[in-house]
Amino acid sequence: MDKQRQLSSLTLVVPFYNEQGGVQAFYQQACAALDALGLDYRFVFVDDGSTDDTLRLLNALADRDSRVSVLSLTRNFGHQAALTAGLDHADGEAVVTMDGDLQHPPSAIAEMVRAYEAGAEVVYAVRANEDHRSWAKKLTARVFYRLLRRLTQIDIISGAMDFRLMSRPAVESLRQMREKHRYLRGMVPWMGFSYQIVHYQEAERFADHSKYTWTKMLRLARYGFFSFSTGALDLITLLGLALTGLAMLYLIYALVVWAFFHETVPGWTSVIAVLLVVSGVQLISVGILAQYIGMIFEEVKGRPLYLLKQKRLAQDRPAEDRQDYETVSMPSGVGAPEG
Ligand code: UDP
Ligand code: MG
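Under the working numbering, think of the first position of the sequence shown as 110, with each following residue one higher.
Spelled out as structure tokens, the structure:
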């Protein structure tokens, strides 16, 4: 890759939800990886309404390191909202979003920066291995992404999670997209900026367990599916047409039998079968409509995407109190939230 520009400053946006076991390790590994790049970097750590010690640990980091901003959401708004909060407050020439559980290795950032310097406006880090994931997660992911790409006609990259680098113009554009049902994995490619893909080896979680329950994952998939495409509406229209066509044929058959052979088609079975199929289709269709109505309802309320109980920004503090990360320890009782 030819170098076309030099990245001057990078901001890392990282959401944390009950990650007390991993905060410190993440910070140290990220600093080590970024120091090696020799560029000016900062962090925006977002506490997504953790109920454990996460916020206190993040604040303790900010006490020692003036490059660290800490945002805290009033409750658990979810991964996508936490990322949005971070992006809204991230300065720097480019921004990297990544998970705080060390499954997204900070060492991959070097290659992402190189791709940016070669001219890409967005760099997706794509998982090269998926061995340790359950077959259920693997299969659903594969089917889902294929379907989504077909329906939305957006170049959604399969295996690209929320580990990506975005240039300043891309971040500014994304900030303007305030939709409530956020599916960043679709919103970013939708913007259409030039992109590059780099690969990384996903590690096991450093601490704790996944915070993405099946419920949260299904909700995200639903947002991806319904907020990116009206394909489901076309589908129920087609289904309606097809059923009407079949009904017509059957009616003609019944009339012909009656008119020419003076017979009625007998049967409880056929009546019940038709009734069940048609009412099933109707219920599904109403359900699909309801998905869209629900999203319109959330959208017209116009509520903010997240609420902050703490906003502690690095750029508001002088650079002198910066210290090396090695000196950071975790004394108890420091880093109480400020207003
Ligand atoms: N996360 C979050 N809010 C949530 C769920 C997760 O901020 O409601 C964070 C979490 O702390 C982690 C990242 O999002 O930094 C990815 O979550 P996780 O590792 O649990 O997801 P998985 O790797 O299983 O997809
Ligand atoms: Mg994870």
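Glycine included, C-beta positions come from ideal geometry on N, C-alpha and C.
Cβ neighbour criterion (16 or more within 10 Å) applied to residue i
{"i": "N168", "result": "buried"}
{"i": "G201", "result": "buried"}
{"i": "D144", "result": "exposed"}
{"i": "V307", "result": "buried"}
{"i": "S379", "result": "exposed"}
{"i": "G333", "result": "buried"}
{"i": "G131", "result": "buried"}
{"i": "I265", "result": "buried"}
{"i": "P215", "result": "buried"}
{"i": "P440", "result": "Caution is warranted here: a pLDDT of 42 is assigned to P440, below 50, making its placement in the model unreliable, and the coordinate value is therefore given only provisionally. Exposed is the call here."}
{"i": "R255", "result": "exposed"}
{"i": "Y359", "result": "exposed"}
{"i": "E239", "result": "exposed"}
{"i": "T324", "result": "exposed"}
{"i": "K292", "result": "Looking at the sequence shown, residue 292 is not Lys but Tyr. When all chains shown are included, Y292 counts as buried."}
{"i": "S388", "result": "exposed"}
{"i": "S243", "result": "exposed"}
Own chain, CB closer than 8 Å to residue i, minus 5 neighbours either side, in chain order
{"i": "L148", "result": "L116, S117, S118, L119 and V222"}
{"i": "F369", "result": "none"}
{"i": "A219", "result": "A142, A145 and L146"}
{"i": "N127", "result": "S159, T160, D161, T163, D317 and K320"}
{"i": "E230", "result": "M275, S276, P278, A279, F302, S303 and Y304"}
{"i": "D208", "result": "V123, P124, M270, D271 and F272"}
Residue i: CB within 7 Å of a non-hydrogen atom of the ligand MG
{"i": "D208", "result": "yes"}
{"i": "S319", "result": "yes"}
{"i": "Q305", "result": "no"}
{"i": "R314", "result": "yes"}
{"i": "Q138", "result": "no"}
{"i": "Q212", "result": "yes"}
The ligand UDP heavy atom lying under 7 Å from the CB of residue i
{"i": "D157", "result": "yes"}
{"i": "N185", "result": "yes"}
{"i": "G125", "result": "Here residue 125 is Phe; the residue named in the question, Gly, does not match the sequence. At least one heavy atom of the ligand UDP is nearer than 7 Å to the Cβ of F125, so yes."}
{"i": "H290", "result": "no"}
{"i": "H198", "result": "no"}
{"i": "E527", "result": "Only positions 110 to 448 of the chain appear in the structure, and residue 527 is not among them; the question remains open."}
{"i": "H188", "result": "yes"}
{"i": "K325", "result": "yes"}
{"i": "A79", "result": "The structure shown has nothing for residue 79, since the chain only spans 110 to 448."}
{"i": "A191", "result": "yes"}
Residues bridged to residue i (per DSSP)
{"i": "F152", "result": "L121 and V177"}
{"i": "I218", "result": "DSSP lists no partner for I218."}
{"i": "H308", "result": "V235"}
{"i": "L182", "result": "L417"}
Sequence-distant residues of the same chain with beta carbon closer than 6 Å to residue i, five excluded per side
{"i": "Y415", "result": "L182, F186, A190 and A194"}
{"i": "K246", "result": "none"}
{"i": "I345", "result": "S394 and I397"}
{"i": "A217", "result": "A234 and Y309"}
{"i": "G228", "result": "Q113"}
Own chain partners of residue i with C-beta closer than 7 Å, once the 5 adjacent residues on each side are dropped
{"i": "W367", "result": "T373"}
{"i": "V390", "result": "L348 and L352"}
{"i": "R314", "result": "D210 and Q212"}
{"i": "F335", "result": "A341, Q400, Y401 and M404"}
{"i": "R114", "result": "E226"}
{"i": "I263", "result": "G295, P298, W299 and F337"}
{"i": "A224", "result": "M110, V232, Q305 and V307"}
{"i": "A363", "result": "V374"}
Of all the beta strand (DSSP E) runs that stay within the bounds of the stretch 351–425, which reach a length of 3 or more residues? 417–421
Restricting to runs no shorter than 3 residues, where is the beta strand (DSSP E) found entirely within the stretch 242–292? 269–276
What are the complete beta strand (DSSP E) segments, minimum 3 residues, inside the stretch 186–219? 203–206
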